[in-house]
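Chains as they are written, first to last, in full-length UniProt numbering: chain X, 1 to 477; chain R, 1 to 178.
Right under this line is the structure:
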């Protein structure tokens, strides 16, 4: 511990950021040399193999959510927070068959926005784009904030400096390397994350025994062990639907499904989900040791790094830094790349300049990455909410897309009007419940409303969508 | 007789003196207590603030801000946040602020009314006392939402399984219909 009570000195924290930043940006530049077309840049040439595919699915889903929010929710909701969070793996597992279907229906597709526009038409597309943009910014802002929070918790470095540094680094290497760099760095980051998380948990159990943690919690913080903890029970399925909504709608996952080679997509998402499942259990468990160690964080989302640094000292703090930094970077770059694709393809190419050539699209894609980076930075400046609260606000939006996406991929009967109404009303009622009840019900209510409207659509509609419409229009690119 | 009288008088005098001494001691004790309390009250180096309204999920943040008029305040890292269910702070629990942070998140707190203040190692108060009410959601409300969630999840998985099987069968038969 340094004199200030932080595990690392501010100077060392800064040095770590600079070293990592230079390494990732150089790697991104190196990989980016292979990008010859916009398809290379945006979809890594649609040729990603099984190992990289599974690693990128897992690593992208291991994010600030897993390394910072899983401990936060465990600290707030106890056992259910930890177990409930790991159920977010269901998002990857249930997306696996959808990924195969996406690849089958849209072999030349680019984005999730493409699918909604072609399948449901303009009104649903607008509802979907609003949801996607709000979610993308919610996630981007939460990742930027997480970077600042991480450095502040470990080294006392000012939040604004840490947040700016992490955004700058991720924008840098995504700009140079595109999706190819994103997937390659994800693979390395996945290995770092798994090793680091196991190392931290091992040392934690070795230092603070399970018995003493249990004794402290049952005596002083009994709600955390209570399986009938009301708010935690309310949170459980909300978290599942939030995770499902995030993955089912987001272009981060659609672009991966489209980038994976042949029939790799389904297996890769299944394997990625299974690899991801135990990670929140381990990272969440770290938070249960906090009261025993006398750690009561200023903000619940700082508990993970603070406990790890306390138990492992300076070396541990460096390990935590490396793991969380990798997790943040693996998600931030994916999101920047996928959202920039959405801006380039769905807005610029489809709305403003259908004649744009390949080189021009690549240039617009890069400008979009820079623009998104700057906007995210502006939103991150005021630290407006805890990470968990911020993310779950987005839950009200994304959960409304689950049934429209699933039914849109399989059923020919549901129409655009029902899909648009389901997404709009689901989001609105989800938001109302977010403010009236709490963040732990927003996604559940949103999904329930959207599912009811979709069911009505299936029952009432007699239309028969032609699947080849999804493939035909893509040939124009 | 004199001896008797003296003895008698002494016997009557002693209880009176004892009573007087006791009263005087009580007065002094009360005075010291008042002065001590006054000292405690005057040593309010920090202003505590907690959540507005009742807490529904068992965790809350308590912020300690330094009072402008505080002279030579003890650093927050050397104080403890004392939590009890009564204003006399019997059977308290303690939390510590971390590093230079002036906010602290308490968690896993059961329903009830809690009083919090900052104390030093001798137990002297260094802040105002705040009151936090924890009132968890009712179990039926939580289980109702759990039930809705479970039902919705089963519907989703069943829908996906149904369509996935159907699409696989159609693909194997070379048909591309719903």
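All C-beta atoms in this analysis are idealised placements derived from N, C-alpha and C, irrespective of residue type, glycine included. Bear in mind that the values here come from a model prediction, so they are computed numbers and not experimental data.
Could you tell me which uninterrupted beta strand (DSSP E) segments, each at least 3 residues in length, are contained entirely in the region 126 to 165 of chain X, listed from first to last along the chain?
None, since the region 126 to 165 of chain X contains no complete beta strand (DSSP E) of that length.
Could you tell me which of X:219, X:238, X:281, X:334 sits nearest to residue 508 of chain X, measuring between CA atoms?
With chain X represented from 1 up to 477, any question about residue 508 of chain X goes unanswered, as that position is not in the structure.
On the DSSP bridge list, what partners appear for residue 133 of chain R?
Position 133 of the second chain, counted from the first residue, corresponds to residue 133 of chain R. Beta-bridge pairing links residue 133 of chain R to R:113.
Less than 9 Å between the beta carbons of residue 10 of chain X and residue 157 of chain X, yes or no?
Looking up residue 10 of chain X in the first chain gives position 10. Looking up residue 157 of chain X in the first chain gives position 157. Cβ distance < 9 Å, so residue 10 of chain X and residue 157 of chain X count as in contact.
How many Å lie between residue 416 of chain X and residue 401 of chain X at the Cα?
For the purposes of this step, residue 416 of chain X is taken as residue 416 along the first chain, with counting starting at 1. For the purposes of this step, residue 401 of chain X is taken as residue 401 along the first chain, with counting starting at 1. Approximately 13 Å, taken between the alpha carbons.
For residue 397 of chain X versus residue 243 of chain X, is the C-beta spacing smaller than 9 Å?
Position 397 of the first chain, counted from the first residue, corresponds to residue 397 of chain X. Position 243 of the first chain, counted from the first residue, corresponds to residue 243 of chain X. Contact: no.
Under 9 Å, Cβ to Cβ, is there at least one residue of chain X near residue 159 of chain R?
As a first step, residue 159 of chain R is located in the second chain; it is residue number 159 there, counting from the start. It does: the Cβ of residue 159 of chain R has a partner Cβ on chain X nearer than 9 Å.
What are the residues that DSSP puts in a beta bridge with residue 179 of chain R?
Limits of chain R in this structure are 1 at one end and 178 at the other, which puts residue 179 of chain R out of reach.
Chain R partners of residue 238 of chain X, CB-CB under 9 Å?
For the purposes of this step, residue 238 of chain X is identified with residue 238 of the first chain, where counting begins at 1. In chain order: 145, 149.
Could you tell me the distance, in whole angstroms, from the CA atom of residue 89 of chain X to the CA atom of residue 258 of chain X?
Counting from 1 along the first chain, the entry for residue 89 of chain X is found at position 89. Counting from 1 along the first chain, the entry for residue 258 of chain X is found at position 258. Those two C-alpha atoms are separated by around 20 Å.
Mind listing the chain R neighbours of residue 416 of chain X? Cutoff is C-beta to C-beta under 9 Å, in chain order.
Within the first chain, numbered from 1, the residue matching residue 416 of chain X stands at position 416. Chain R residues near residue 416 of chain X: none, gap ~17 Å exceeds 9 Å.
What are the start and end residues of each continuous alpha helix (DSSP H) run of 4 or more residues lying completely inside the region 64 to 93 of chain R, in chain order?
The qualifying runs do not exist here; there are none.
CB residue 188 of chain X to CB residue 326 of chain X, shorter than 9 Å?
Taking the first residue of the first chain as 1, we reach residue 188 of chain X at position 188. Taking the first residue of the first chain as 1, we reach residue 326 of chain X at position 326. Going by C-beta atoms, residue 188 of chain X is nearer than 9 Å to residue 326 of chain X.
Grouping DSSP H, G and I as helix and E and B as strand, with all else coil, what is residue 96 of chain R?
Within the second chain, the letter at position 96 stands for residue 96 of chain R. Looking at residue 96 of chain R - three-state DSSP - the assignment turns out to be strand.
Going straight from the alpha carbon of residue 351 of chain X to that of residue 117 of chain X, what length do you get?
In the first chain, residue 351 of chain X corresponds to position 351, counting from 1. In the first chain, residue 117 of chain X corresponds to position 117, counting from 1. Their backbone Cα atoms lie some 12 Å apart in a straight line.
Any residues in the region 289 to 322 of chain X with a beta carbon nearer than 7 Å to a beta carbon of chain R? Which ones, in chain order?
So the close ones are 294, 295, 296, 297, 298, 299, 300, 306.
Taking residue 418 of chain X as the reference, which of X:143, X:20, X:343, X:463 has the closest Cα?
Position 418 of the first chain, counted from the first residue, corresponds to residue 418 of chain X. Among X:143, X:20, X:343, X:463, the Cα nearest to that of residue 418 of chain X belongs to X:463.
Give a yes or no on whether the minimum CB-CB distance between residue 402 of chain X and chain R is below 9 Å.
If you number the first chain from 1, residue 402 of chain X lands on position 402. So yes, residue 402 of chain X belongs to the interface.
Alpha helix (DSSP H) containing residue 231 of chain X: first to last residue?
As a first step, residue 231 of chain X must be located in the first chain, where it is residue number 231. Residues 230 to 249.
When Cβ atoms are compared, which residues of the region 120 to 138 of chain R fall closer than 8 Å to chain A?
No chain A is present in this structure, whose protein chains are X and R.
Assuming residue 234 of chain X and residue 145 of chain R form a contact by the criterion Cβ under 8 Å, report the distance between their Cβ atoms to the nearest whole angstrom.
To locate residue 234 of chain X, count along the first chain from 1; it is residue 234. To locate residue 145 of chain R, count along the second chain from 1; it is residue 145. Yes, they are in contact, since the Cβ atoms of residue 234 of chain X and residue 145 of chain R sit about 5 Å apart, within 8 Å.
Whole-angstrom Cβ separation of residue 320 of chain X and residue 308 of chain X, contact assumed at under 8 Å?
Walking along the first chain from the start, residue 320 of chain X turns up at place 320. Walking along the first chain from the start, residue 308 of chain X turns up at place 308. That belief holds up - the Cβ atoms of residue 320 of chain X and residue 308 of chain X are roughly 4 Å apart, short of 8 Å.
State the Cα-Cα distance for the pair residue 106 of chain X and residue 434 of chain X, rounded to the nearest angstrom.
As a position in the first chain, residue 106 of chain X is number 106, starting the count at 1. As a position in the first chain, residue 434 of chain X is number 434, starting the count at 1. Spanning the two alpha carbons is a distance of roughly 35 Å.
Have a look at residue 167 of chain R and residue 404 of chain X and give me their C-alpha separation to the nearest angstrom.
Locating residue 167 of chain R in the second chain gives position 167, where the first residue counts as 1. Locating residue 404 of chain X in the first chain gives position 404, where the first residue counts as 1. If you take the alpha carbons of residue 167 of chain R and residue 404 of chain X, they lie about 17 Å apart.
Is there a Cβ from chain X that is less than 9 Å from the Cβ of residue 90 of chain R?
The residue you call residue 90 of chain R lines up with position 90 of the second chain. So no, residue 90 of chain R is outside the interface.
Compare the beta carbon distance of residue 132 of chain R and residue 55 of chain R with 9 Å and say whether it is the shorter of the two.
The residue given as residue 132 of chain R occupies position 132 in the second chain. The residue given as residue 55 of chain R occupies position 55 in the second chain. Result yes, Cβ atoms of residue 132 of chain R and residue 55 of chain R sit closer than 9 Å.
Shortest alpha-carbon distance to residue 232 of chain X belongs to which of X:85, X:31, X:454?
By one-based count along the first chain, residue 232 of chain X stands at place 232. That would be X:85, whose Cα lies nearest to the Cα of residue 232 of chain X.
Return helix, strand or coil for residue 105 of chain R, following the three-state DSSP convention.
Position 105 of the second chain, counted from the first residue, corresponds to residue 105 of chain R. Residue 105 of chain R falls in the strand class under three-state DSSP.
Please return the same chain residues whose Cβ sits closer than 7 Å to the Cβ of residue 39 of chain R, not counting the five positions on each side in sequence.
Your numbering for residue 39 of chain R matches position 39 in the second chain. In this prediction, residue 39 of chain R scores a pLDDT of 45, lower than 50, which makes its location untrustworthy; the coordinate-derived value is nonetheless stated afterwards. Nothing listed; no residue qualifies.
Leaving aside the five residues before and after residue 37 of chain R along the sequence, list all residues of the same chain whose C-beta is less than 8 Å from its C-beta, in chain order.
One-based indexing of the second chain puts residue 37 of chain R at position 37. For residue 37 of chain R, the predicted structure reports a pLDDT of 46, less than 50, and the residue's modelled location is therefore unreliable. The matter cannot be settled from this model.
Can you name, in chain order, every residue of its own chain whose Cβ lies under 7 Å from the Cβ of residue 253 of chain X, other than the five neighbours on each side?
Stepping through the first chain from its first residue, residue 253 of chain X is reached at position 253. So the qualifying residues of the chain are 95, 247.
Where in the region 418 to 467 of chain X do unbroken runs of the alpha helix (DSSP H), each at least 4 residues long, occur, reported from the N-terminal end onward?
Listed in chain order, the complete alpha helix (DSSP H) runs (minimum 4 residues) inside the region 418 to 467 of chain X are 442 to 460.
Residues in the region 205 to 221 of chain X with C-beta within 9 Å of chain R's C-beta atoms, listed in sequence order?
Of all residues in the region 205 to 221 of chain X, 217, 220, 221 have a Cβ within less than 9 Å of some Cβ in chain R.
Would residue 73 of chain R pass as an interface residue toward chain X - the criterion being a Cβ-Cβ separation below 9 Å?
Translated into the one-based positions of the second chain, residue 73 of chain R becomes position 73. Cβ-Cβ to chain X under 9 Å: no for residue 73 of chain R.
Just how far apart, CA to CA, sit residue 341 of chain X and residue 57 of chain R?
Within the first chain, residue 341 of chain X is the residue found at index 341, counting from 1. Within the second chain, residue 57 of chain R is the residue found at index 57, counting from 1. Between residue 341 of chain X and residue 57 of chain R, the C-alpha separation is close to 40 Å.
Consult DSSP for residue 87 of chain X and reduce its assignment to one of helix, strand or coil.
If you number the first chain from 1, residue 87 of chain X lands on position 87. Looking at residue 87 of chain X - three-state DSSP - the assignment turns out to be coil, as it is neither helix nor strand.
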